[in-house]
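Enquirer:
Residue numbers (this note's numbering), protein chains in the order written: chain R, 1 to 288; chain H, 1 to 335.
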């Protein structure tokens with residue numbers, strides 16, 4: 001595992017970039033535990049201060065320190081996306097494995113269901129749910145909600161992988177030597193799909209954070225909890241741009257951009273790592 | 001006949017299932033909530049401070065009861081829900097009582113449809129051509145640069161791109177009008193000036209949708225083409241002396257388009273969601289802005305109407321793409 005990360009880091013620029021940025025962001029998220037300010041309390045600092053030594057990224061119109069607020073925002077947004085990622089992974093793996101391995105009419109039913117979830121525009125439905133639940137939508141609830149909606153595409157990817165594995169010879173060998181279905185899936189197939197799960201997991205985290213930002217901007221999540229979305233929401237709603245308080249709006253926007261790009265790069269580099277052709281190239285590079 | 005049975009029938013079933021699941025989710029969600037949705041909604045509406053007709057409140061209670069399925073047994077409520085749906089009746093809007101929801105939606109719908117159709121088609125065409133070229137000529141420097149740019153734009157959500165453009169054009173280069181669909185007070189007579197006005201207002205929302213869309217299609221197309229390039233028929237054409245232009249446009253891109261058409265069908269819902277948000281950023285007078293207004297006024301009927309109609313609209317779009325698909329893929333046509 002660690003040696004894989006090391007080689008990836010050395011030979012894949014995308015992975016190196018993504019990994020470095022994510023590490024920095026995680027470090028910032030950890031810093032939030034040492035924050036001198038409570039993110040939910042207003043007017044702890046003077047308002048609208050531009051960046052200075054005391055407040056490295058300035059302060060907001062509500063008297064909060066932007067830097068420390070951002071550390072909380074990163075922590076909460078990452079936390080939410082991890083909850084969503086875990087729940088959607090469980091559903092996606094279950095659906096993908098069952099549909100791919102069992103096949104037949106069960107596969108057809110599951111995939112029809114699955115495709116429906118892919119096609120349905122999720123945003124209006126999430127907006128409807130969020131506005132019914134308004135106020136009750138804290139980080140954990142939102143993470144769970146997004147988890148239940150974000151599995152469909154990945155279930156399809158896992159299923160097609162299982163379909164191709166099922167036709168491979170080692171499946172017949174295992175089956176004929178009396179291996180149970182559950183252990184074929186767990187011992188033989190899972191190692192093949194773990195990297196695939198990782199790559200789709202990154203994409204799902206990206207999607208969850210993006211959805212949170214969207215819902216928060218529409219004012220549909222718990223706005224007193226600092227996340228990247230609520231930070232943007234407050235700064236847009238307080239007309240920070242018109243007032244020229246650019247440090248307030250730019251901080252969450254730039255963090256978002258870096259977070260999205262780095263997660264995407266990680267996902268892409270893991271997919272490339274899986275691709276046998278790029279693996280050949282990598283061996284050539286390593287030989288040189 | 002086999003074409004109908006094998007290809008068309010599953011698609012039509014899928015279409016019906018999508019609509020069924022979508023509307024059922026809309027029906028079920030409010031009932032799963034622990035709180036009393038009717039009381040909550042009325043509280044929220046009155047909390048807005050806007051004056052509401054007492055008649056409207058009564059009507060609101062009634063329609064909410066019906067919409068949330070609190071009249072009769074569960075099955076009866078579900079039947080009523082569908083009956084209303086078939087009539088296209090989503091009840092009156094609460095915020096603009098007694099205007100029917102359908103009327104409000106039908107005013108906004110053309111704006112969104114035109115914007116969405118235009119940007120989706122444009123970005124799909126541009127993204128595929130550029131992606132195909134970059135995939136085929138992948139050893140060139142410009143191909144790598146294009147790929148790098150697309151890589152950086154692709155993961156950024158619509159909202160952030162729209163916000164970035166807003167910051168850029170509103171404060172740094174104030175060329176385009178930043179909000180609205182047409183200048184305030186302009187008459188809706190078909191004239192050259194009006195058309196120019198509308199195009200100017202639609203420019204920024206369209207641009208942000210095209211930027212994100214193009215880079216998404218670019219990346220998938222490049223990946224598809226980089227696989228196609230290794231196929232035997234490409235090397236055969238190359239060694240046979242067919243010109244590069246011919247190979248790219250007649251062999252490579254044409255084959256690469258097939259999975260992209262399927263991809264277009266599958267991502268229509270996501271594109272639509274993105275357009276909703278983009279409209280809201282630029283206050284473009286389409287469905288997205290209407291939806292935002294319904295959120296801020298607690299207008300449930302409107303929200304439900306928009307949700308169900310958008311599900312039906314997207315599902316229909318997907319079905320149309322599926323029906324058109326055999327025109328491009330001879331393998332299905334002649335089966």
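Backbone N, C-alpha and C fix where the C-beta goes; we use that ideal spot for every residue, glycine too. What you are looking at is a predicted structure, and each value in this text was computed from that prediction instead of being measured.
(1) Since residue 65 of chain R sits in a beta bridge, which residues does DSSP pair it with?
(2) So what does residue 92 of chain H bridge to, in DSSP terms?
(3) Closer than 7 Å by beta-carbon distance: list the chain H residues that pair up with residue 264 of chain R, in chain order.
(4) Can you tell me which of the three DSSP states residue 11 of chain R falls into?
(5) Would you mind stating whether residue 127 of chain H and residue 23 of chain H have Cβ atoms separated by less than 7 Å?
(6) What residues in its chain sit with their C-beta under 8 Å from that of residue 247 of chain H, if we drop five residues either side in the sequence?
(7) When the Cα atoms are used, what is the spatial distance from residue 45 of chain R to residue 39 of chain R?
(8) At 4 residues or longer, what runs of the alpha helix (DSSP H) sit wholly inside the segment 136-175 of chain H?
(9) Have a look at H:254, H:82, H:164 and flag the residue whose alpha-carbon is nearest the alpha-carbon of residue 28 of chain H.
(10) Contact criterion: CB-CB distance below 7 Å. Does residue 260 of chain R meet it with respect to chain H?
(11) So residue 211 of chain H and residue 161 of chain H are supposed to be a Cβ contact under 8 Å. How far apart are they, rounded?
(12) Using 8 Å as the cut-off, can you tell me whether the segment 154-173 of chain R makes contact with the segment 92-106 of chain R, which would need three or more C-beta pairs spanning the two stretches below that distance?
(13) I'd like to know if residue 218 of chain R contacts chain H, where contact means its C-beta is closer than 7 Å to some C-beta of that chain.
(14) Residue 129 of chain R versus chain H: which residues are under 7 Å apart at the beta carbon?
(15) Once you ignore the five residues that flank residue 268 of chain R on each side, which residues in its own chain have a CB closer than 7 Å to its CB?
(16) Could you check if residue 140 of chain H is buried or exposed, using at least 16 other CB atoms within 10 Å of its CB as the buried criterion?
(17) Could you give the DSSP three-state label for residue 230 of chain H: helix, strand or coil?
(18) What residues from the segment 173-194 of chain R come within 9 Å of chain H, judged by C-beta to C-beta, listed N to C?
(19) Go through the segment 262-319 of chain H residue by residue and report every complete run of the beta strand (DSSP E) that reaches 3 residues or more, in order.
(20) Alpha carbon to alpha carbon, what distance is there between residue 30 of chain R and residue 261 of chain R?
(21) Cβ of residue 174 of chain R versus every heavy atom of the ligand SAM: is any distance shorter than 6 Å?
(22) In the structure shown, what three-state DSSP assignment does residue 197 of chain H receive?
(23) At 7 Å on the CB atoms, spell out the chain R contacts of residue 162 of chain H, in chain order.
(24) Do residue 65 of chain R and residue 71 of chain R have their CB atoms nearer than 7 Å?
(25) Using 8 Å as the cut-off, can you tell me whether the segment 86-93 of chain H makes contact with the segment 248-266 of chain H, which would need three or more C-beta pairs spanning the two stretches below that distance?
(26) At a Cβ cut of 8 Å, what residues of the segment 98-129 of chain R count as close to chain H, listed as they run along the chain?
(27) So, helix, strand or coil for residue 100 of chain R, using DSSP?
(28) For the alpha helix (DSSP H) containing residue 175 of chain R, name the first residue and the last one.
(29) Between which two residues does the alpha helix (DSSP H) harbouring residue 202 of chain R extend?
(30) Are the C-beta atoms of residue 105 of chain H and some chain R residue less than 7 Å apart?
(31) Please say whether residue 306 of chain H and residue 327 of chain H have beta carbons closer to each other than 7 Å?
(32) Which residues in chain R sit within 7 Å of residue 218 of chain H, going by Cβ to Cβ distance?
(33) Where does residue 107 of chain R fall in DSSP's three states?
(34) Assuming residue 85 of chain R contacts residue 216 of chain R (C-beta within less than 8 Å), just tell me the rounded distance between them.
(35) Do residue 69 of chain R and residue 191 of chain R have their beta-carbon atoms positioned less than 7 Å apart in this structure?
(36) Exposed or buried, residue 67 of chain R, counting other C-beta atoms within 10 Å across all chains shown (16 or more means buried)?
Expert: The structure says:
(1) R:59
(2) H:100
(3) 154, 155
(4) helix
(5) no
(6) 136, 234, 237, 238
(7) 11 Å
(8) 141-153, 158-167
(9) H:82
(10) yes
(11) 6 Å
(12) yes
(13) yes
(14) 29
(15) 14
(16) exposed
(17) coil
(18) none
(19) none
(20) 21 Å
(21) Because no ligand of any kind appears in the structure shown, any question about the ligand SAM cannot be addressed here.
(22) helix
(23) What residue 162 of chain H touches in chain R: nothing, since even the nearest Cβ is about 10 Å away.
(24) no
(25) no
(26) 112, 113, 115, 116, 117, 118, 119, 120, 121, 122, 123, 124, 125, 127, 128, 129
(27) helix
(28) 169-176
(29) 190-217
(30) no
(31) no
(32) The contacting residues do not exist; residue 218 of chain H stays about 14 Å from chain R at best.
(33) helix
(34) No, residue 85 of chain R and residue 216 of chain R are not in contact; Cβ-Cβ is about 18 Å, not under 8 Å.
(35) no
(36) buried
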